[in-house]
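Residue numbers (my numbering), protein chains in the order written: chain P, 12 to 268; chain R, 12 to 268.
Since the structure comes first, as structure tokens, the remarks are kept for the end.
2 protein chains.
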Amino acid sequence: MIIINNPNINDALIALRNGISSKNTIVALLHCRVRYEGRGSSVLEYGDRIFIIKQDGAVLIHRPTGYSPVNWQPSTSYIRVSIENGLLHIIAVRNKPREILDVEAKKVYSIVIASLTDTGRFYEVMDESIIRDVIASNPKVLGENFTTIDVEKKIEPGFVDLYLRDEKGRLVVVEIKRVKASVNAVKQLIKYVSSLSKYVPRGKLRPILVAPEFTESAIVAAKKHGVELKSIDVLKLESIRRRELEKRGEGLLRYIR
Amino acid sequence: MIIINNPNINDALIALRNGISSKNTIVALLHCRVRYEGRGSSVLEYGDRIFIIKQDGAVLIHRPTGYSPVNWQPSTSYIRVSIENGLLHIIAVRNKPREILDVEAKKVYSIVIASLTDTGRFYEVMDESIIRDVIASNPKVLGENFTTIDVEKKIEPGFVDLYLRDEKGRLVVVEIKRVKASVNAVKQLIKYVSSLSKYVPRGKLRPILVAPEFTESAIVAAKKHGVELKSIDVLKLESIRRRELEKRGEGLLRYIR
DNA sequence: GTCTCTATTTCGTGG
DNA sequence: CCACGAAGTAGAGAC
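In structure tokens:
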């Protein structure tokens, strides 16, 4: 690992070039300005930023606040470091799509260069597909005696999350949202239903939108279009899933403790 | 600025606590694992990562590749640093929504702490709102003798980008996309039109989708629903805008050179 | 505060 | 490779 405090511009140049050619992770604090041209185009005036080059050539420039990088390059075809008019330039180019990021540093506060090894796996505990699978294998959590017919089935406008059958033999078309459902979710469901109604009589179809909460406009649209709303408790579904996984010896507890 | 190379766990603890309480930017390289619980929930096994605490309490954990952070906290209510069972813990809590991020570091490779000042302004040269404004002040770029009525106007399902009037006195409802428009853009426009048709007879309404390109399904859906498609050349609009800005002495050239 | 929409969205998945 | 949809989306703007 290399740590350089307050380097002059030539030392910074050499360090960055070495770090890039050896495909290491580089984290620097710079006083810089940035220009970007590609899918969009932007200018960022001078200021202090965190500058990162990752081992795959991804470049990130972060301001001192906020989640999002102010400028970036997801991965690069090449990165060129040079000195022009006494200023350090880092130019990161991506070819598909063609994009150019030009970082012009007036001052380099610090550079850290390291070879990072990260093989640790990442587990999402509950996303929409998992919620869908938990409901598919436990359709009664929706509060009725449903049976599962199909999961994530393509019909023409898109994918229906879940098909169930209710006690009266009707086809239940389920759209699932992991977070509060907005009017868009209702529209999506209506779209599926109108497509399905070519094959199934409308009276045999029950569209249900499943989510922890619903926006007001979603509630209005649902009422208007005959869409049922069913709330779910994601934490409850999570505990059901955990139980299932534990039963199969795949529990997350393995990883958590 | 403080730079610490390979600190022991107690020195790391003290440095982090100082950095947090003084609201500085902290960038560290850690061998850590991460647990997240909140809107979602996830587990990240041990590995080397870039760890950042920003001056507003935002926390980012980056793996050595890729654009996105693997874990994060957009801004925090509080951050607590402690040692438990000989391991460094950084716990970042956000209250709305309630989310907890727990970083457990087994090894600290480096810590850099600095007070960054970044007042530099950020200019987007061409985003959708700018394209919309350029068309609004030059509606003839769409190839007809349009006049502008209104911009970014709320109707119930949402916001219409642009209202124009054509030579036959019809109300032109414009939806603008900066990049290739997909079928969703058509749907959005249809949504507005069906809402407007309560007030304006359908024959007096002209929905137009404006974008540099259109996906095949967008073209099909547009034809089916009577939506017109008009291509724009964003670069051409950009030169129009530049001319307008220069005329007003607000040209970007001020900033670019 | 809620809702809506854009984004150099990114990221995955499916065709 | 393109097209579509989800995201712990974030961030901005309007009401």
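Quick reminder that beta carbons are idealized off the backbone N, C-alpha and C, glycines included.
These numbers were taken from a predicted model, which means no experiment stands behind them.
Under 7 Å Cβ-Cβ, which residues of chain P neighbour residue i?
i, result
"TYR14(R)", "Per the sequence presented here, residue 14(R) reads as Ile, with Tyr not at that position. Within 7 Å Cβ-Cβ: ILE14, ASN16 and SER121."
"ALA69(R)", "THR76, GLY77 and TYR78"
"ALA133(R)", "Going by the sequence as given, residue 133(R) is Phe instead of Ala. Per Cβ cutoff of 7 Å: SER53, LEU55 and VAL81."
"ARG254(R)", "By Cβ distance, chain P contributes nothing, its closest Cβ being about 16 Å from ARG254(R), past 7 Å."
"ALA125(R)", "LEU40 and TYR120"
"ASP144(R)", "None at all; the shortest Cβ gap to chain P is about 16 Å."
"THR158(R)", "None at all; the shortest Cβ gap to chain P is about 29 Å."
Buried or exposed: where does residue i fall if 16 or more other Cβ atoms within 10 Å of its Cβ makes it buried?
i, result
"ILE267(P)", "With a pLDDT of 39 at ILE267(P), under the threshold of 50, the predicted position of this residue should be treated as unreliable, though the coordinate-derived value follows. Burial call: exposed."
"VAL190(R)", "exposed"
"VAL211(R)", "exposed"
"ARG91(R)", "exposed"
"THR158(P)", "exposed"
"PHE225(P)", "buried"
"PHE62(P)", "buried"
"ILE94(R)", "exposed"
"SER79(P)", "exposed"
"LYS215(P)", "exposed"
"ASP59(R)", "buried"
"ASN96(R)", "exposed"
"ASP129(P)", "buried"
"VAL231(R)", "exposed"
"ARG265(P)", "In this predicted model, ARG265(P) has a pLDDT of only 43, less than 50, meaning its place in the structure is not dependable; the value taken from the coordinates is given anyway. So ARG265(P) ends up on the exposed side."
"ILE15(P)", "buried"
"ILE25(P)", "exposed"
"GLY237(R)", "exposed"
"TYR89(P)", "exposed"
Among the options, which has the Cα closest to the Cα of residue i?
i, options, result
"GLU186(R)", "GLY180(R), ASP177(R), LEU173(R) and ASN195(R)", "LEU173(R)"
"GLU155(P)", "VAL38(P), ASN29(P) and SER242(P)", "SER242(P)"
"SER53(R)", "VAL162(R), GLU110(R) and PRO18(R)", "GLU110(R)"
"PRO168(R)", "ILE146(R), ARG181(R), LYS198(R) and LYS188(R)", "LYS198(R)"
"LEU175(R)", "LEU220(R), ILE122(R), SER126(R) and SER250(R)", "LEU220(R)"
"LEU207(P)", "LYS164(P), ILE102(P) and THR130(P)", "LYS164(P)"
"VAL171(R)", "VAL152(R), PRO85(R), LYS179(R) and ASP161(R)", "ASP161(R)"
"LYS107(P)", "VAL114(P), GLN84(P), CYS43(P) and VAL204(P)", "GLN84(P)"
"ASP22(P)", "LYS34(P), ALA196(P), ASN149(P) and LYS118(P)", "LYS118(P)"
"ARG213(P)", "PRO223(P), ALA222(P) and ILE201(P)", "ILE201(P)"
"ARG253(P)", "ALA233(P), LYS188(P), MET137(P) and LYS235(P)", "MET137(P)"
"GLN66(P)", "ILE31(P), ARG74(P), GLU249(P) and LYS235(P)", "ILE31(P)"
"SER121(R)", "ARG44(P), SER33(P), ALA39(P) and VAL245(P)", "ALA39(P)"
"THR87(R)", "ARG105(R), ARG74(R), PRO75(R) and THR76(R)", "ARG105(R)"
"SER250(R)", "LEU240(R), VAL238(R) and ASN149(R)", "ASN149(R)"
"SER126(R)", "LYS235(R), THR76(R), GLY237(R) and LYS34(R)", "LYS34(R)"
"VAL275(P)", "PRO223(P), LYS234(P), GLY68(P) and GLY51(P)", "With chain P covering only 12 through 268, there is no way to say anything about residue 275(P)."
"ASP244(R)", "LEU112(R), ARG50(R), TYR134(R) and VAL145(R)", "VAL145(R)"
"PRO75(P)", "PRO75(R), GLY77(R) and VAL70(R)", "VAL70(R)"
"LEU98(P)", "LYS234(P), GLU139(P), GLU239(P) and ARG44(P)", "ARG44(P)"
"ARG46(P)", "LEU248(R), ARG50(R) and PHE133(R)", "PHE133(R)"
"LEU246(P)", "GLY68(R), GLU48(R) and LYS188(R)", "GLU48(R)"
"GLU255(R)", "GLY68(R), ILE141(R) and LYS188(R)", "ILE141(R)"
"TYR203(R)", "ILE102(R), ILE166(R), LYS179(R) and ARG259(R)", "ILE166(R)"
Just checking my contact of residue i with residue j at CB under 8 Å: how many whole Å lie between their CB atoms?
i, j, result
"ALA229(P)", "VAL184(P)", "Not really, about 16 Å apart at Cβ, beyond 8 Å."
"ILE64(R)", "ILE20(R)", "So it is not a contact: roughly 17 Å between Cβ atoms."
"VAL114(R)", "HIS100(R)", "7 Å"
"ARG143(R)", "ARG181(R)", "Not quite, the Cβ-Cβ distance comes to about 20 Å (not below 8 Å), so this is no contact."
"HIS42(R)", "ALA147(R)", "54 Å between Cβ atoms; not a contact."
"VAL81(R)", "LEU55(R)", "6 Å"
"GLY51(R)", "GLU135(P)", "7 Å"
List, in chain order, every chain R residue whose beta-carbon is nearer than 8 Å to that of residue i.
i, result
"ILE63(P)", "ILE61 and HIS73"
"ASP161(P)", "By Cβ distance, chain R contributes nothing, its closest Cβ being about 24 Å from ASP161(P), past 8 Å."
In chain R, which residues lie with their C-beta within 7 Å of the C-beta of residue i?
i, result
"ASP129(P)", "GLY58, ASP59, ARG60, ARG74 and PRO75"
"THR226(P)", "Per Cβ cutoff of 7 Å: no residues; THR226(P) is ~12 Å from chain R at best."
"ASP113(P)", "Residues of chain R passing the Cβ test: none, with the nearest at roughly 11 Å."
"PRO85(P)", "TYR78"
Just to make sure I have the definition right: I need the residues of chain P whose C-beta is within less than 9 Å of the C-beta of residue i. Which are they?
i, result
"TYR89(R)", "Neighbours of TYR89(R) on chain P: none; closest Cβ ~16 Å, over 9 Å."
"TYR174(R)", "Within 9 Å Cβ-Cβ: nothing; TYR174(R) doesn't reach chain P, min ~22 Å."
Chain P partners of residue i, CB-CB under 8 Å?
i, result
"LYS257(R)", "The question names Lys, yet the displayed sequence has Glu at residue 257(R). Near GLU257(R) there are no residues of chain P at all, since even the closest Cβ is about 15 Å away, more than 8 Å."
"VAL136(R)", "GLY51, SER52, SER53 and VAL54"
In chain R, which residues lie with their C-beta within 9 Å of the C-beta of residue i?
i, result
"VAL190(P)", "ARG50"
Give the list of continuous alpha helix (DSSP H) stretches no shorter than 4 residues that lie fully inside the segment 147-212 of chain R.
194-207
Inside the segment 21-45 of chain R only - alpha helix (DSSP H) runs reaching at least 4 residues
none
What are the uninterrupted segments assigned as beta strand (DSSP E) that are 3 or more residues long and contained completely in the segment 81-123 of chain P, given in chain order?
82-84, 89-95 and 98-106
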